[in-house]
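In what follows, a single structure is set out as structure tokens and then discussed.
2 protein chains.
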Amino acid sequence: MNAKVSQLRIILDWGTTSFRALLVNGTGKVIDRIETEEGIQSVRGDFLGVLQRAITPWREKHGIVPIYAAGMIGSRNGWIEMPYVPAPADAGALAAQVKTMQLPDGGTITFIPGLTDPSAYPFPDVMRGEETQLVGFGLNEDMTVVLPGTHAKWARIAGGQIAAFQTLVTGEIFGTLSQHSFLSKVARKPETPDWEAFDKAVAMVRDDARPAGLLTRLFAVRTGWLSGALSPAEMTDYLSGIVVASEFREAKSLGWYVDGARIAVVGDDDLVEVYSRVAKAFGLILAPAPDDAAVRGCLAIAEAVESVRRSA
Amino acid sequence: MNAKVSQLRIILDWGTTSFRALLVNGTGKVIDRIETEEGIQSVRGDFLGVLQRAITPWREKHGIVPIYAAGMIGSRNGWIEMPYVPAPADAGALAAQVKTMQLPDGGTITFIPGLTDPSAYPFPDVMRGEETQLVGFGLNEDMTVVLPGTHAKWARIAGGQIAAFQTLVTGEIFGTLSQHSFLSKVARKPETPDWEAFDKAVAMVRDDARPAGLLTRLFAVRTGWLSGALSPAEMTDYLSGIVVASEFREAKSLGWYVDGARIAVVGDDDLVEVYSRVAKAFGLILAPAPDDAAVRGCLAIAEAVESVRRSA
Chain L
1 MNAKVSQLRI ILDWGTTSFR ALLVNGTGKV IDRIETEEGI QSVRGDFLGV LQRAITPWRE
61 KHGIVPIYAA GMIGSRNGWI EMPYVPAPAD AGALAAQVKT MQLPDGGTIT FIPGLTDPSA
121 YPFPDVMRGE ETQLVGFGLN EDMTVVLPGT HAKWARIAGG QIAAFQTLVT GEIFGTLSQH
181 SFLSKVARKP ETPDWEAFDK AVAMVRDDAR PAGLLTRLFA VRTGWLSGAL SPAEMTDYLS
241 GIVVASEFRE AKSLGWYVDG ARIAVVGDDD LVEVYSRVAK AFGLILAPAP DDAAVRGCLA
301 IAEAVESVRR SA
Chain F
1 MNAKVSQLRI ILDWGTTSFR ALLVNGTGKV IDRIETEEGI QSVRGDFLGV LQRAITPWRE
61 KHGIVPIYAA GMIGSRNGWI EMPYVPAPAD AGALAAQVKT MQLPDGGTIT FIPGLTDPSA
121 YPFPDVMRGE ETQLVGFGLN EDMTVVLPGT HAKWARIAGG QIAAFQTLVT GEIFGTLSQH
181 SFLSKVARKP ETPDWEAFDK AVAMVRDDAR PAGLLTRLFA VRTGWLSGAL SPAEMTDYLS
241 GIVVASEFRE AKSLGWYVDG ARIAVVGDDD LVEVYSRVAK AFGLILAPAP DDAAVRGCLA
301 IAEAVESVRR SA
């Protein structure tokens with residue numbers, strides 16, 4: 001076993017509602033994983049205690065392993081508030097702003113900073129965690145990359161850097177409307193996605209010749225039901241199709257892609273399938289993307305950090 | 001007292017969450033009113049019982065008085081499902097489609113139909129109740145009229161008729177996001193509207209040179225807070241300003257008004273102030289509008305119905 005393979009690290013994905021730790025080797029292979037519901041909002045500030053209890057079995061077996069964390073654990077409501085590195089930025093720029101904290105057991109935890117786009121209107125835009133996924137996806141080819149989520153990000157990779165990005169709150173709109181709105185009051189959510197209803201909404205938005213927006217389009221969930229064109233079982237996925245397709249139209253109007261462009265969809269959950277489907281419906285070409293971009297990005301930044309420290 | 005003044009009618013405003021009855025004379029003066037929380041969703045189908053118990057004091061004092069009802073009580077979840085009259089339509093067209101039901105006490109209740117715009121994309125648009133407000137506002141002058149609400153309506157009056165209309169789900173977006181979203185999670189709602197924060201958001205949306213939409217603009221609530229530009233107390237009204245101003249931009253892009261146009265805002269609650277404020281910020285001229293348009297419209301339709309019946 002060469003040195004790279006045997007180099008273990010722990011990668012933390014510690015979000016608002018869940019705690020996830022991955023034990024990975026130097027090639028990014030996941031050796032073991034721990035998942036609990038001890039999200040940031042439930043641990044009452046005892047970050048150290050929760051972390052140490054969780055990784056005790058690994059410490060007993062492997063000794064002290066350096067820990068890296070990206071995302072919301074480094075936010076205002078997290079363990080420490082990390083700065084935002086201004087775009088354009090690459091792995092080196094992110095590595096230069098990490099903060100490493102000594103732990104009582106002699107180990108360390110290193111927090112990766114977020115990214116800001118100071119050119120955004122009206123306030124600087126922000127991401128936490130997606131910058132690490134973008135590094136893991138790779139910054140070699142100039143391309144637009146979409147990262148779906150509660151607050152989806154559209155990012156532009158150019159010249160080996162994350163050049164610019166913008167947030168679209170698509171997931172939040174879908175989540176709140178599907179759960180709390182009159183619009184979808186009579187909706188019955190199917191157990192598996194109703195892709196036919198979803199595709200119908202995507203085509204409706206794509207083929208709309210008017211310069212309409214979300215406020216007008218959303219009412220089609222209700223008028224479709226009232227007119228008998230949509231059944232209660234179709235409404236949730238029709239809503240989803242409207243919202244995601246509207247995101248693609250809005251992103252296009254803002255210059256994030258042109259007709260027939262090659263883009264990537266990066267993430268690790270069902271939303272990648274949803275967004276890839278819409279991208280294809282809009283005639284875009286999908287670049288391949290790994291489903292472990294977060295792990296790859298964390299390792300790339302860790303290596304940049306450790307390389308600087310070795311040469312210092 | 002002439003015959004018109006002494007002609008009493010009961011106007012019902014029976015919505016999803018509340019019951020309201022007005023006793024009005026022939027000039028539209030409100031003589032008495034009853035309000036309870038017995039909305040459509042709480043009466044378990046006993047519409048007749050709830051109505052009769054509520055108006056017993058009036059019947060004892062004034063005898064049998066004809067009852068008129070517009071809006072959601074005539075919807076799929078209400079007492080009876082009334083048809084939608086297709087636009088273009090005027091008071092006469094609405095009066096021609098009313099349904100009158102005999103009540104056990106010898107009185108009558110007359111339901112006013114809704115209105116549909118069959119030209120809407122992708123499904124026919126619908127309104128229930130707003131058509132009566134539009135009649136009460138008056139159809140003499142060609143003009144665009146905005147009716148704020150959970151599902152706001154933009155209507156075009158032309159040639160003495162309601163010519164066309166469109167629904168924008170602005171109130172629903174604001175309501176669900178202000179109560180349930182991460183966006184406004186740290187917001188502290190002030191007791192009185194923070195007009196300064198509201199106006200700041202309206203100007204931000206109005207002055208945005210980009211062809212942005214709601215999905216990108218909404219994130220400014222969060223980035224404004226993160227960047228220190230917005231305090232938690234300002235966030236709710238900033239959100240409100242973004243949503244309503246985005247409605248005005250979307251309505252303009254769809255041709256509902258041109259720069260400097262004369263429009264009216266019709267309704268009977270605080271939203272009229274909110275929308276009038278945005279209209280002025282967008283350089284529009286406000287036509288005067290009565291705050292009892294619903295009562296006036298109901299009476300105009302009632303008179304059309306009764307006039308036809310007298311001459312039959």
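Heads up: the protein sequence lines correspond to chains L and F, in order.
Counted from 1, the first sequence has number 158 at position 158 by UniProt numbering; the numbering is strictly sequential.
Counted from 1, the second sequence has number 49 at position 49 by UniProt numbering; the numbering is strictly sequential.
Note that CB positions come from ideal geometry on N, CA and C, so glycine has one too.
Keep in mind the model is a prediction, meaning the values are calculated, not measured.
In this structure, does DSSP put F:L286 in helix, strand or coil?
-> In the second sequence, counting from the first residue as 1, residue 286 of chain F sits at position 286. Note: F:L286 maps to strand in three-state DSSP.
Applying a beta-carbon distance threshold of less than 7 Å, which residues of chain L neighbour F:V126?
-> For this step, residue 126 of chain F is matched to residue 126 along the second sequence. The answer, in chain order, is T223, L226.
Taking all protein chains shown into account, decide if F:I40 is buried (16 or more other Cβ within 10 angstroms of its Cβ) or exposed.
-> Against the second sequence, residue 40 of chain F aligns to sequence position 40. So F:I40 ends up on the buried side.
Cβ shell of L:T27 (< 7 Å), same chain only, five flanking positions each side left out | For this step, residue 27 of chain L is matched to residue 27 along the first sequence. Taken in chain order, the residues that qualify are K4, V5.
Which of helix, strand or coil does DSSP assign to F:R206?
-> Working through the second sequence from its first residue, we reach residue 206 of chain F at position 206. When DSSP states are grouped into helix, strand and coil, F:R206 belongs to the helix group.
So does the stretch 287-306 of chain F actually touch the stretch 129-138 of chain F, counting three or more Cβ pairs closer than 8 Å?
-> Three or more beta-carbon pairs drawn from the stretch 287-306 of chain F and the stretch 129-138 of chain F are found closer than 8 Å, and the two stretches are therefore classed as touching.
N- and C-terminal bounds of the beta strand (DSSP E) containing residue 343 of chain L = The question about residue 343 of chain L has no answer here: the residues shown for chain L are numbered 1 through 312.
With a Cβ-Cβ cutoff of 8 Å, do F:A264 and F:V202 count as a contact?
-> The residue you call residue 264 of chain F lines up with position 264 of the second sequence. The residue you call residue 202 of chain F lines up with position 202 of the second sequence. Here F:A264 is not near F:V202, since their CB atoms are 8 Å or more apart.
Cβ separation of L:L230 and L:Y238, assumed to be a contact under 8 Å, to the nearest whole Å = By 1-based counting over the first sequence, the position of residue 230 of chain L is 230. By 1-based counting over the first sequence, the position of residue 238 of chain L is 238. Their Cβ separation, rounded to whole angstroms, is 6 Å, which keeps L:L230 and L:Y238 in contact under 8 Å.
Which residues does DSSP pair with L:F111 in a beta bridge?
-> Residue 111 of chain L sits at position 111 when you count from the first residue of the first sequence. Checking the DSSP bridge columns, you'll see L:F111 partnered with L:A69, L:K99.
Beta-carbon contacts of L:E247 that lie in its chain and below 7 Å, excluding the five residues immediately before and after = On the first sequence, position 247 is the one that residue 247 of chain L refers to. Only A152, L168, T170 meet the Cβ criterion.
Buried or exposed: which applies to L:E196, given that a residue is buried once 16 or more other Cβ atoms fall within 10 Å of its Cβ?
-> Sequence index remark: in the first sequence, residue 196 of chain L carries index 196 (1-based). L:E196 sits exposed, since fewer than 16 C-beta atoms from the chains shown fall within 10 Å of its C-beta.
The stretch 92-110 of chain F contacting the stretch 46-57 of chain F, beta-carbon criterion three pairs below 8 Å | Result yes; three or more Cβ-Cβ pairs closer than 8 Å.
Classify F:K61 as helix, strand or coil using the three-state DSSP reduction.
-> Counted from its first residue, the second sequence places residue 61 of chain F at position 61. The answer is helix: DSSP assigns F:K61 an H, G or I state.
Proximal chain L residues relative to F:L218, where beta-carbon distance stays under 7 Å | On the second sequence, residue 218 of chain F is found 218 positions in, with the first residue counted as 1. For F:L218, the chain L residues whose Cβ falls inside 7 Å of its Cβ are V169, in order along the chain.
Identify which residue in F:P122, F:R296, F:S276 has its Cα closest to the Cα of F:P288.
-> One-based indexing of the second sequence puts residue 288 of chain F at position 288. Comparing Cα positions, the closest option is F:S276.
Are the stretch 59-71 of chain F and the stretch 11-21 of chain F touching by the rule of at least three beta carbon pairs closer than 8 Å?
-> By the Cβ test, the stretch 59-71 of chain F is in contact with the stretch 11-21 of chain F, since at least three Cβ pairs between them sit closer than 8 Å.
Assuming F:T216 and L:Q166 make a contact with CB atoms under 8 Å, what is their CB distance in whole Å?
-> Counting from 1 along the second sequence, the entry for residue 216 of chain F is found at position 216. Counting from 1 along the first sequence, the entry for residue 166 of chain L is found at position 166. Between L:Q166 and F:T216 the Cβ distance is about 6 Å, and since that is below 8 Å, they are a contact.
What residue does the beta strand (DSSP E) around L:Y121 start on, and which one ends it?
-> The residue you call residue 121 of chain L lines up with position 121 of the first sequence. Careful: L:Y121 lies outside any beta strand (DSSP E) and carries neither H nor E.
If you check the beta carbons only, do L:V272 and L:P148 fall under 8 Å apart?
-> Taking the first sequence and counting its residues from 1, one reaches residue 272 of chain L at position 272. Taking the first sequence and counting its residues from 1, one reaches residue 148 of chain L at position 148. Yes, the Cβ-Cβ distance between L:V272 and L:P148 is below 8 Å.
Please decide whether F:R210 counts as near chain L, where near means a Cβ-Cβ distance under 8 Å.
-> Locating residue 210 of chain F in the second sequence gives position 210, where the first residue counts as 1. Yes, because at least one Cβ of chain L sits closer than 8 Å to the Cβ of F:R210.
With DSSP run on the structure shown, which of helix, strand or coil describes F:Q52?
-> Here the question's residue 52 of chain F lines up with position 52 in the second sequence. Correct three-state label for F:Q52: helix.
Out of F:I112, F:T176, F:K29, which has the shortest C-alpha to C-alpha gap to F:S240?
-> One-based indexing of the second sequence puts residue 240 of chain F at position 240. Ranked by Cα distance from F:S240, the first of F:I112, F:T176, F:K29 is F:T176.
How long is the line joining the alpha carbons of F:P190 and L:T223, rounded to whole angstroms?
-> Residue 190 of chain F sits at position 190 when you count from the first residue of the second sequence. Residue 223 of chain L sits at position 223 when you count from the first residue of the first sequence. Taking the straight line from one Cα to the other gives about 35 Å.
Identify, in the order they occur along the chain, each residue of the same chain with its Cβ nearer than 7 Å to the Cβ of F:M143, setting aside the five sequence neighbours on each side.
-> The count along the second sequence starts at 1 and reaches residue 143 of chain F at position 143. These residues qualify, in order along the chain: I157, R262, I263, A264, A287.
So with Cβ pairs under 8 Å, would you call F:A281 a contact of chain L?
-> Numbered from 1 along the second sequence, position 281 holds the residue referred to as residue 281 of chain F. So, not an interface residue.
Going along the chain, which residues of the stretch 116-150 of chain L sit with their C-beta nearer than 8 Å to a C-beta in chain F?
-> Residues passing the 8 Å Cβ filter: A120, Y121, P122, F123, P124, D125, V126, T150.
Thinking residue 328 of chain F and L:G228 are a contact (beta carbons under 8 Å), I'd like their distance in whole angstroms, please.
-> This structure cannot settle anything about residue 328 of chain F, because the visible part of chain F is limited to 1 through 312.
Run through the stretch 220-264 of chain L for me and flag every whole alpha helix (DSSP H) of 4 or more residues, listed as ranges in chain order.
-> Listed in chain order, the complete alpha helix (DSSP H) runs (minimum 4 residues) inside the stretch 220-264 of chain L are 220-226, 235-253.
Any chain F beta carbon closer than 8 Å to residue 340 of chain L = No answer is possible for residue 340 of chain L: the residues shown for chain L start at 1 and end at 312.
Please report the residue range of the alpha helix (DSSP H) in which F:R296 lies.
-> Reading the second sequence from its first residue, position 296 is the one you call residue 296 of chain F. Counting along the chain, the alpha helix (DSSP H) containing F:R296 begins and ends at 293-311.
Taking Cβ positions, are F:M235 and F:A187 nearer each other than 8 Å?
-> Walking along the second sequence from the start, residue 235 of chain F turns up at place 235. Walking along the second sequence from the start, residue 187 of chain F turns up at place 187. Cβ atoms of F:M235 and F:A187: closer than 8 Å.
Please report the Cβ distance between F:P118 and F:P86, rounded to the nearest whole angstrom; I am assuming they are in contact, meaning their Cβ atoms lie under 8 Å.
-> Position 118 of the second sequence, counting from 1, holds the residue named residue 118 of chain F. Position 86 of the second sequence, counting from 1, holds the residue named residue 86 of chain F. Cβ atoms of F:P118 and F:P86 come within 8 Å of each other, at about 5 Å.
Excluding the 5 residues preceding and the 5 following F:V30 in the sequence, name in chain order all residues of the same chain whose CB lies nearer than 6 Å to its CB.
-> Position 30 of the second sequence, counted from the first residue, corresponds to residue 30 of chain F. If we look at F:V30 and ignore the five residues flanking it on each side, its Cβ neighbours are L22, V24.
Does the distance from the CB of L:A155 to the CB of L:D194 come in under 8 Å?
-> Locating residue 155 of chain L in the first sequence gives position 155, counting from the first residue. Locating residue 194 of chain L in the first sequence gives position 194, counting from the first residue. Not closer than 8 Å, so no.
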